[in-house]
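Report on the structure given below.
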Amino acid sequence: MTLHQLPKDSMPREKLLSRGSHALSDAELLAIFLRTGIKGKNVIQLADDLLADFGSLRALFSATNDEFCRHKGLGVAKYVQLQAVLEMSQRYLSETLQRGDSLNSPEHTKYYLMSILRDRQREAFYILFLDNQNRVIADEVMFEGTIDAASVYPREVVKRALEHNAAALILAHNHPSGIAEPSQADRRITRRLSDALGLVDIRVLDHFVVGDGEVVSFAERGWI
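What the sequence shown shows, in UniProt numbering, is residues 1 to 224, in sequence order.
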């Protein structure tokens with residue numbers, strides 16, 4: 001069956017316009033991105049096959065240029081287009097956390113942190129610096145490596161927070177293993193940072209640990 005033989009309300013673009021993007025499957029969303037199929041396959045069939053080959057939408061998005069382009073129906077132009085879409089998505093999330101926007105949505109913060117940290121191969125310790133109304137002043141990865149190996153230095157965090165004139169911080173780091181459950185080392189470094197920052201009247205509002213598909217909040221667990 002060709003795409004044009006499908007009922008009109010089952011075609012991805014029309015379905016998105018009438019029911020919203022959340023109503024579409026991964027294959028339907030990918031079909032809109034691909035736009036056209038290949039000989040013998042309509043665009044939805046091609047999208048289904050690609051998701052089966054890669055294993056998931058995330059794996060497809062994380063593929064290298066070579067991995068992406070070896071699949072029939074894909075090429076350098078589509079790879080470049082996909083990277084641009086992913087970068088725009090991340091910048092959209094980032095812009096909502098720029099100065100002037102108050103952090104009043106923990107769920108949005110989690111999505112943003114996942115976009116920054118989830119696919120890193122090494123642990124990265126990331127900090128959001130906030131003013132006294134919980135608006136973002138700056139954000140950056142301060143340390144990389146194995147957090148368990150005492151690679152996070154409270155003195156450097158305090159120094160950076162004072163440079164930004166921050167009133168509060170949100171801490172975050174990823175677990176490359178994919179398991180978001182905080183370790184005892186995570187809890188120890190959080191206490192050390194909270195104690196050091198407390199000496200200069202800077203609060204730690206939360207510490208998020210980012211795993212493969214989950215983000216754990218210390219504040220939600222009552223640990224901060």
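Cβ coordinates follow ideal geometry from the N, Cα and C atoms, glycine included.
The model shown is predicted, which means the values in this text are computed figures rather than measured ones.
In terms of residue numbering, what span does the alpha helix (DSSP H) encompassing residue 65 cover? Taken as a continuous stretch (DSSP letters only), the alpha helix (DSSP H) holding residue 65 covers 65-69.
Check the C-beta distance from residue 131 over to residue 161 and give it rounded, since I have them as a contact under 8 angstroms. With a contact defined as Cβ atoms closer than 8 angstroms, residue 131 and residue 161 miss out at about 11 angstroms.
Local Cβ density within 10 Å of residue 36, reported as buried at 16 or more and exposed below that: Around the beta-carbon of residue 36, fewer than 16 other beta-carbon atoms lie within 10 Å, marking it exposed.
Proximity of residue 208 and residue 172 at Cβ, strictly below 7 angstroms: For residue 208 and residue 172, yes; Cβs fall inside 7 angstroms.
Should the region 10-21 be called in touch with the region 67-87, which here means at least 3 C-beta pairs below 8 angstroms? In short, these stretches do not touch, since the Cβ pair count stays below three.
Look at residue 47 and residue 59 and say whether their C-beta atoms are less than 7 angstroms apart. Going by C-beta atoms, residue 47 is not nearer than 7 angstroms to residue 59.
Have a look at the DSSP bridge pairing and note the partners of residue 41. Beta-bridge annotation (DSSP): residue 41 is paired with 38.
What three-state label does DSSP hand residue 126 in the structure shown? In the three-state DSSP reduction, residue 126 falls in the strand class (E or B).
CA-CA distance, residue 211 and residue 73? Answer to the nearest angstrom: the Cα atoms are 32 angstroms apart.
Residues near residue 153 by beta carbon distance below 8 angstroms, same chain, minus five either side: 143, listed in sequence order.
Go through its chain and collect everything with a Cβ distance to residue 168's Cβ below 6 angstroms, but skip five positions before and after it. Within the same chain, residue 168 has close Cβ partners 130, 203 and 205.
From the DSSP output, read off the bridge partner residues of residue 170. Paired residue(s): 128 and 206.
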